[in-house]
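In our numbering, the protein residues as written are -3 to 94.
What follows is a set of notes on a single structure, which appears directly below.
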Amino acid sequence: MEDKFIAIDTLNMLLDKGFEYLVYPTQSLAQKWLRETKNLHISIIRNACGYGYDICKADNGTHIADGIFDGPNDGGQWDTYEEALEVGIQEALKLVEE
């Protein structure tokens, strides 16, 4: 199993929020950075229609946002775990204060 690299748009968003890297970041690294430095935890949710995401505070689980029924497939989900995670990372970055 290989970790998926983030999209260039996501990389630009990460850099705007203070992310520093030595190698091109993966989705897992971006997810961990958001959790450990910005207190944002991204969970991927699986159901019969595909994958969605949930964003909560890492320290106490307070719900912040979700991407359930916002996806592009007929069920309002994403077809793969990685697609849902990419969008979840992007949405979490939009929540980070400048």
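Don't be surprised by glycine CBs; every beta carbon is placed ideally from N, CA and C.
Would you decide whether residue i is buried or exposed? Buried here means 16 or more other CB atoms lie within 10 Å of its CB.
i: ILE51; result: buried
i: ALA44; result: exposed
i: GLY67; result: buried
i: TYR47; result: buried
Quick one: give me the first and last residue of the alpha helix (DSSP H) that residue i is part of.
i: ALA61; result: Looking at the DSSP string, ALA61 is not in any alpha helix (DSSP H); the run it does join, the beta strand (DSSP E), is 59 to 62.
i: ILE4; result: 4 to 12
Rounded to the nearest angstrom, what separates residue i and residue j at their Cα positions?
i: THR76; j: ILE4; result: 19 angstroms
i: THR6; j: PRO21; result: 10 angstroms
i: LEU152; j: TRP74; result: The first residue shown for the chain is -3 and the last is 94, placing residue 152 beyond what the model contains.
i: GLU113; j: ASN56; result: Look at the range of the chain in this structure, -3 to 94, and you will see that residue 113 is not part of it.
i: ALA80; j: ASP62; result: 11 angstroms
Which residues does DSSP list as the beta-bridge partners of residue i?
i: ARG42; result: TYR47
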